[in-house]
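Chemist:
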């Protein structure tokens, strides 16, 4: 699934660059938040016989959490001067550097970050950040993949997968980063073996700054070729809290559009689930939604957490056919939207479940149900 002021999937497939030395990071000046490290059951320490032959640097303990708000990519290497331009902008509290690109894992194109485990961990959700075993495994050469890629995409924990020029990589953990489109994290050394461009991505923590305003300032400061994706955006309250009755007439899909979208979706019953697939013969959950609604002329964003904000939420008791159902199933990031289905009516839903399964209509499961969204084509077209 993709980040977002240009659809994140599209953003990360392009080459992108960093802000200072590859392993450097700027830290904020606010009070330190201490978090006691704890091991997630999704990442166990490597058994002694599986320890790498080379000695890896120990990963620093977690001492502070920073909520990421923006993800910046540029088409040229960041310089120290560029980094300082961002650091001086009002509201910026912390910056973290990473290398970003799309790589092939197990035959799948996966948006990947190469990071410094000691510093990057502070920008991930608490459960992920707190796992010393997870980050030590990444430092030792493993790849940590998102719960969605691992569970739905069929990448078994602790298995080895092909990784192009890097040979095979061990799946060291299921670890959602909190960056919607990023589904794999490796160390900087592994990133170099995968051919990731250096110094091409910047994570910005600015918890008290309007993310939309700050995004525009960053693009102006860094110039042409800069792309900014919102992660955990900070926006004015009217943009964050809106109910259906606040929406003007014509905001929602017409009956004809809903009929077309539902007919398109049901025509794909029995097609296999393939992680990252967008149709027309194979799909993942959000790829099916994007394709079906596209047949009705509705421009839907690509991934679940983007589709979550394509209209107002309505109670499940008031769900209509064509509304979207969302779940939070990811134990590594309980707040993350990890699955989407199309409400079919009469307590049924149509969805693409996971690897090894097919597009089907089944009874709605309310376990971990995050909510129901009524799609607005106007809102959907603005989501990036």
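In mature numbering (1 follows the signal peptide of the UniProt record, and there is no 0), the protein residues as written are -25 to -1, 1 to 359. Glycine included, C-beta positions come from ideal geometry on N, C-alpha and C.
(1) Under a Cβ-count criterion, where at least 16 other Cβ atoms within 10 Å of its own Cβ denotes burial, should residue 277 be classed as buried or exposed?
(2) With contact counted as at least three CB pairs below 8 Å, one residue from each stretch, are the segment 196 to 203 and the segment 66 to 83 in contact?
(3) Kindly list the residues whose CB is nearer than 7 Å to the CB of residue 214, restricted to its own chain and excluding five residues on each side of it in sequence; keep chain order.
(4) Just tell me which of 187, 125, 275 and 199 has its CA closest to the CA of residue 307.
(5) Take residue 128 as the anchor and find which of 156, 248 and 199 has the nearest alpha-carbon.
(6) For the alpha helix (DSSP H) holding residue 317, just list the boundary residues, first then last.
(7) Given a cut-off of 8 Å, decide if residue 289 and residue 333 are closer than it, judged by their beta-carbon atoms.
(8) Can you name, in chain order, every residue of its own chain whose Cβ lies under 6 Å from the Cβ of residue 27, other than the five neighbours on each side?
(9) Between the C-alpha atoms of residue 283 and residue 355, what's the straight-line distance to the nearest angstrom?
(10) Counting C-beta neighbours from all protein chains within 10 Å, is the total for residue 295 16 or more, i.e. buried, or is it exposed?
(11) Pairs of beta-carbons, one from the segment 62 to 71 and one from the segment 133 to 148, closer than 8 Å: are there three or more?
(12) Please state whether DSSP places residue 32 in a helix, a strand or coil.
(13) Short check: CB of residue 196 to CB of residue 60, under 8 Å?
(14) Express the C-alpha separation of residue 54 and residue 123 in angstroms, rounding to a whole number.
(15) So which of 83, 270 and 293 has the shortest CA-CA distance to residue 234?
(16) Residue 174 and residue 52 - do their beta-carbons sit closer together than 8 Å?
(17) Whole angstroms is fine: what's the gap from residue 47's alpha carbon to residue 192's?
(18) May I ask you to list the residues that DSSP assigns as paired with residue 136?
(19) Would residue 224 be called buried (16 or more neighbouring beta carbons within 10 Å of its own) or exposed?
(20) Residue 340 to residue 266, Cα distance in whole Å?
(21) Assuming residue 91 and residue 147 make a contact with CB atoms under 8 Å, what is their CB distance in whole Å?
(22) Is the beta carbon of residue 297 less than 8 Å from the beta carbon of residue 228?
(23) Which residue wins for smallest C-alpha separation from residue 264, given the options 293, 301, 105 and 231?
(24) Give every residue of the same chain whose Cβ lies closer than 6 Å to the Cβ of residue 226, excluding the five residues on either side of it in the sequence, and list them in chain order.
(25) Could you give the DSSP three-state label for residue 362: helix, strand or coil?
Modeler: Taking the geometry as given:
(1) buried
(2) no
(3) With a pLDDT of only 46 at residue 214, under 50, the local geometry of the prediction cannot be trusted, and the value read off the model is given with reservation. Cβ neighbours of residue 214 beyond the five flanking positions: none.
(4) 125
(5) 248
(6) No alpha helix (DSSP H) holds residue 317; the beta strand (DSSP E) holding it covers 314 to 320.
(7) no
(8) Here the model assigns residue 27 a pLDDT of 46, short of 50, so the residue's position is not dependable, and the following value carries that caveat. 115 and 116, listed in sequence order.
(9) 10 Å
(10) exposed
(11) no
(12) coil
(13) yes
(14) 34 Å
(15) 270
(16) yes
(17) 12 Å
(18) 144
(19) exposed
(20) 23 Å
(21) Actually they do not touch by this definition, with Cβ atoms about 16 Å apart.
(22) yes
(23) 301
(24) 351 and 353
(25) Only positions -25 to 359 of the chain appear in the structure, and residue 362 is not among them; the question remains open.
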